[in-house]
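Mapping to this note's numbering: the sequence shown position 5 is 474, numbers consecutive. Where is the CB? At the ideal position from N, CA and C, for every residue including glycine. Computed from a predicted structure; not experimentally measured. Take a look at the structure set out below.
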Amino acid sequence: SVKSDSDSKGDVSQFGALATALAATIGTGNIIGVATTVSLGGPGAVLWCWLSGVFGIATKYSEGLLAVKYRATTSDGTMLGGPMYALERGLGMKWLAILFCVFTIIAALGIGCSVQSNSISIMLKETLNVSQYVSGSIIAVLVALVIFFGIKGIARVCGFLVPFMAFFYVVGCIVILIINAPYLGGALALIFKAAFSVKAIGGGMAGGGLMIAMRYGIARGLFSNESGMGSAPIVAAAARTRNSVRQALVSSTGTFWDTVVVCALTGLVLVTSIIRYPDINFSDGALLTKMAFSKISFFGPLILIVGLITFAFSTILGWCYYAEKAIEYLGGKKIIVYYRIIWIVGVFLGSVANLSMMWNLADTMNALMAIPNLISLLLLTRVLVKETNKYLWSNKLDDFGPEMVS
470 SVKSDSDSKG DVSQFGALAT ALAATIGTGN IIGVATTVSL GGPGAVLWCW
520 LSGVFGIATK YSEGLLAVKY RATTSDGTML GGPMYALERG LGMKWLAILF
570 CVFTIIAALG IGCSVQSNSI SIMLKETLNV SQYVSGSIIA VLVALVIFFG
620 IKGIARVCGF LVPFMAFFYV VGCIVILIIN APYLGGALAL IFKAAFSVKA
670 IGGGMAGGGL MIAMRYGIAR GLFSNESGMG SAPIVAAAAR TRNSVRQALV
720 SSTGTFWDTV VVCALTGLVL VTSIIRYPDI NFSDGALLTK MAFSKISFFG
770 PLILIVGLIT FAFSTILGWC YYAEKAIEYL GGKKIIVYYR IIWIVGVFLG
820 SVANLSMMWN LADTMNALMA IPNLISLLLL TRVLVKETNK YLWSNKLDDF
870 GPEMVS
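Rendered as structure tokens:
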């Protein structure tokens, strides 16, 4: 059970850790990002996005295992973990751990903070005519109320918000697919045909066949589920768990929910809508999303508004925790409070700014985060195999690992 292991060391429950990781992972990329994938890579990119999620489950499992295996405990009992600790404690590569933390902090301020608040403020302005300064102020205050309670406050809010937002969005997408049911078979056929076609398919949709579909589908899938980036294991290390494999299995499910479920549903809604309504403009991802959901009067726009706002807000909370742990690794716990202030200011500024360049910077930092993390996964493969054999294949998932008992 993801809520058990109360007799083990850790700061939050396994469910709390998973909810926080999902909060950071499921963001605007699951909606607008998928639409951009379809507009640039064609409908076939949706399949490659799904497949990246399936294979990403193994990567997320490995990250979670190493996070718990090499986590450290502070004098006050707080758990610290993530790729930086695997690099330092498992490989003795502190310099690479420092680089990972620097990349994490910069990426967090971009894709995890300002870009998300900007998405919320623009959505509220376009739908409810709310000033971006007003919405930015409200978002900043709400974020401050949560993050100053630390990981327990973040996990508590995410534990409530993630199930609600995921359920609402998934049910909403299913309702739209029921309405578009006559076009569902054609959409699936188009997705599979376009995914393996050497020529562009999609009735004028951008997309140059197999290579373009693979390029955008896999890139968006990995960007969405964050498998290999090293972000999710930072919070996985805070979980109360009996052994490393037990938490790794829980962490790996995050990729399934993010990509195989949420991104897949978004992709199907978009492609069925394109087939049903040929007048939809699919030259731009954001415009494609708005037009596809708005075709279902009232209900469609409501799903889009609530989905974007809750996804973006939860991402702000989750990435704040990731950045805090990177800050703590570099300079200690005392400076976290100053970073939280910077974070809140970043939320407000992001709400009112033009962030076209920030997207490019964040994409670069995300890629740079993955390099140290993937190095640790590769060089610590022996540890991954040993731990998996010890607990999973020996049916000892209920056993306590070393230093796990409180």
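So is residue i buried or exposed if we call it buried at 16+ other beta carbons inside 10 Å?
i: Gly672; result: Any reading at Gly672 is ruled out, since the residue's pLDDT is 44, under 50, leaving its predicted position unreliable.
i: Tyr602; result: exposed
i: Arg689; result: buried
i: Ala488; result: buried
i: Gly748; result: Looking at the sequence shown, residue 748 is not Gly but Asp. It is exposed - the Cβ of Asp748 has fewer than 16 other Cβ atoms within 10 Å.
i: Ile500; result: buried
i: Gly676; result: Any answer about Gly676 is weak, because its pLDDT of 48 lies below 50 and its placement is not dependable; what the coordinates show is given next. Under this definition Gly676 is a buried residue.
i: Ile804; result: exposed
i: Met680; result: exposed
i: Ser470; result: Any reading at Ser470 needs caution, since the residue's pLDDT is 45, under 50, leaving its predicted position unreliable; the model's value is listed next. Exposed.
i: Lys759; result: buried
i: Leu847; result: exposed
i: Asp545; result: exposed
i: Lys855; result: exposed
i: Gly801; result: exposed
i: Ala527; result: exposed
Does the distance from the CB of residue i to the CB of residue j come in under 9 Å?
i: Gly522; j: Phe725; result: yes
i: Ser583; j: Ala609; result: no
i: Gly581; j: Tyr791; result: yes
i: Lys594; j: Ser606; result: no
i: Leu549; j: Ala701; result: no
i: Tyr530; j: Ser742; result: no
i: Ala682; j: Leu516; result: yes
i: Ala795; j: Gly533; result: no
i: Gly686; j: Ala664; result: yes
i: Leu520; j: Asp727; result: no
i: Gly525; j: Leu691; result: yes
i: Cys518; j: Ser666; result: no
i: Ala839; j: Gly723; result: no
i: Val740; j: Ile660; result: yes
Quick one: what's got a C-beta closer than 6 Å to residue i's C-beta in the same chain, skipping five residues either side?
i: Leu565; result: Leu556, Pro841
i: Gly815; result: Leu578, Cys582, Ser583
i: Arg745; result: Asn649, Tyr652
i: Leu861; result: Val714
i: Asp476; result: Any reading at Asp476 must be qualified, since the residue scores a pLDDT of 49, below 50, and its modelled position is unreliable; no value is offered.
i: Ser763; result: Gly769, Pro770
i: Met553; result: Ala566, Phe569, Cys570, Tyr798
i: Gly641; result: Ile772
Short of 7 Å in beta carbon distance, which residues of its chain neighbour residue i, apart from the five on each side in sequence? Order them along the chain.
i: Gly496; result: Gln585, Phe780, Ala781, Thr784
i: Val775; result: Phe637
i: Glu695; result: Thr494, Ala701
i: Met834; result: Phe572, Ile575, Ala576, Gly579
i: Ser588; result: Thr497, Leu777, Ala781
i: Leu843; result: Gly697
i: Leu568; result: Pro841
i: Met562; result: Leu556
i: Arg625; result: none
i: Glu793; result: Ile805, Tyr808
i: Ser592; result: For the record, residue 592 in the displayed sequence is Met; it is not Ser. Contacts found: Ile774, Leu777, Ile778.
Whose C-beta lies closer than 8 Å to the C-beta of residue i among residues of the same chain, with five residues either side of it excluded?
i: Cys789; result: Ala577, Gly581, Cys582, Val612, Ile616, Ile623, Arg809, Trp812
i: Leu849; result: Leu535, Ala555, Gly559, Leu560
i: Thr729; result: Note on residue identity: the sequence assigns Val, not Thr, to residue 729. The answer, listed in chain order, is Trp519, Gly522, Val523.
Does the beta carbon of residue i come closer than 9 Å to any beta carbon on chain B?
i: Phe633; result: Protein chains in the displayed structure number just one, and chain B is not present.
Should the stretch 533 to 542 be called in touch with the stretch 805 to 820, which here means at least 3 C-beta pairs below 8 Å?
no
For the 8 Å Cβ check, are there 3 or more pairs between the stretch 721 to 735 and the stretch 648 to 660?
no
Segments assigned alpha helix (DSSP H), at least 4 residues, entirely inside the stretch 644 to 716
653 to 664, 679 to 694, 701 to 705
Using 8 Å as the threshold, is the stretch 501 to 516 in touch with the stretch 702 to 717, meaning 3 or more CB pairs across them?
no
Are at least three pairs of beta-carbons, each pair with one atom in the stretch 799 to 809 and one in the stretch 630 to 637, less than 8 Å apart?
Touching, no, given that fewer than three Cβ pairs across the two stretches are closer than 8 Å.
Where are the alpha helix (DSSP H) runs, 4 residues long or more, that stay fully inside the stretch 755 to 810, in chain order?
Qualifying alpha helix (DSSP H) stretches, in chain order: 768 to 800.
Extract the residue ranges of the alpha helix (DSSP H) inside the stretch 500 to 539, only unbroken runs of 4 or more that lie entirely within it.
501 to 510, 513 to 538
Give, in chain order, every unbroken run of the beta strand (DSSP E) that is at least 3 residues long and sits entirely within the stretch 545 to 632.
none
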